[in-house]
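S.K.: Submitted below is the structure of interest, expressed as structure tokens.
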């Protein structure tokens, strides 16, 4: 019985320690001046069984400025295929996103099946002052007969400018 009491108290103290140690980290808001973000995309998926078929997909790249008081500038949106070869640049000039603003890029239809599995985007954005990180997602949709497919991927920061 004494062992059970000790185990109970030890477990309780560990749980409290984890709760209090993660609290500030969850509440912290990260401020940055710019980032390079990698976002996976897909131009097709394989559906099956019993019959395996390639389902063509369309991607919508969406960038949300989450900062309530500062604009951000999207400087680059480039698309790469499965082999890592650049296939498209979607900006001819930088685009300013106002505070709480958003933009969408409808991705051009894939010209070859090879873009499917490893297709991705590189997005670069910057701001004059430190801002909250934008949300960058790729919304992917498609259909085959009466069956619809939809999912989203999130960006991953590969470089960051904090000063």
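Numbering (the numbering used here), first residue to last: 523 to 685.
All C-beta atoms in this analysis are idealised placements derived from N, C-alpha and C, irrespective of residue type, glycine included.
Remember, it's a predicted structure, so these values are computed and weren't measured experimentally.
(1) What first and last residue would you give for the beta strand (DSSP E) that runs through residue 559?
(2) Mind checking which residues open and close the beta strand (DSSP E) that includes residue 624?
(3) In or out: residue 621 buried (at least 16 other Cβ within 10 Å) or exposed?
(4) Taking 8 Å as the cut-off, decide whether the C-beta atoms of residue 685 and residue 555 are in contact.
(5) Mark residue 662 as exposed unless 16 or more other C-beta atoms lie within 10 angstroms of its C-beta, in which case mark it buried.
(6) What residues in its chain sit with their C-beta under 6 Å from that of residue 677, if we drop five residues either side in the sequence?
(7) Going by beta carbon distance, what residues of the same chain come within less than 7 Å of residue 619, once the five residues before and after it are set aside?
(8) Any idea what DSSP makes of residue 476, helix, strand or coil?
(9) Just how far apart, CA to CA, sit residue 565 and residue 576?
(10) Return the Cβ separation of residue 598 and residue 629 in integer angstroms, given the expectation that the two are a contact with Cβ distance under 8 Å.
M.R.: Concretely, from the data shown:
(1) Against the chain shown, residue 559 aligns to sequence position 37. Looking at the DSSP string, the run of the beta strand (DSSP E) that includes residue 559 is 553 to 562.
(2) Position 102 of the chain shown, counting from 1, holds the residue named residue 624. That run of the beta strand (DSSP E) goes 624 to 628.
(3) To locate residue 621, count along the chain shown from 1; it is residue 99. When all chains shown are included, residue 621 counts as exposed.
(4) In the chain shown, counting from the first residue as 1, residue 685 sits at position 163. In the chain shown, counting from the first residue as 1, residue 555 sits at position 33. Against a cut-off of 8 Å, the Cβ pair of residue 555 and residue 685 comes out as a contact.
(5) Stepping through the chain shown from its first residue, residue 662 is reached at position 140. Buried, by the Cβ-count rule.
(6) To locate residue 677, count along the chain shown from 1; it is residue 155. Closer than 6 Å at the Cβ level, and outside the excluded window around residue 677, lie 559, 561, 658.
(7) For the purposes of this step, residue 619 is taken as residue 97 along the chain shown, with counting starting at 1. These residues qualify, in order along the chain: 585, 587, 593, 594, 596, 625.
(8) Within the shown structure, residues of the chain are numbered from 523 to 685, placing residue 476 beyond reach of any answer.
(9) On the chain shown, residue 565 is found 43 positions in, with the first residue counted as 1. On the chain shown, residue 576 is found 54 positions in, with the first residue counted as 1. C-alpha separation (whole angstroms): 10 Å.
(10) For the purposes of this step, residue 598 is taken as residue 76 along the chain shown, with counting starting at 1. For the purposes of this step, residue 629 is taken as residue 107 along the chain shown, with counting starting at 1. Between residue 629 and residue 598 the Cβ distance is about 15 Å, and since that is not below 8 Å, they are no contact.
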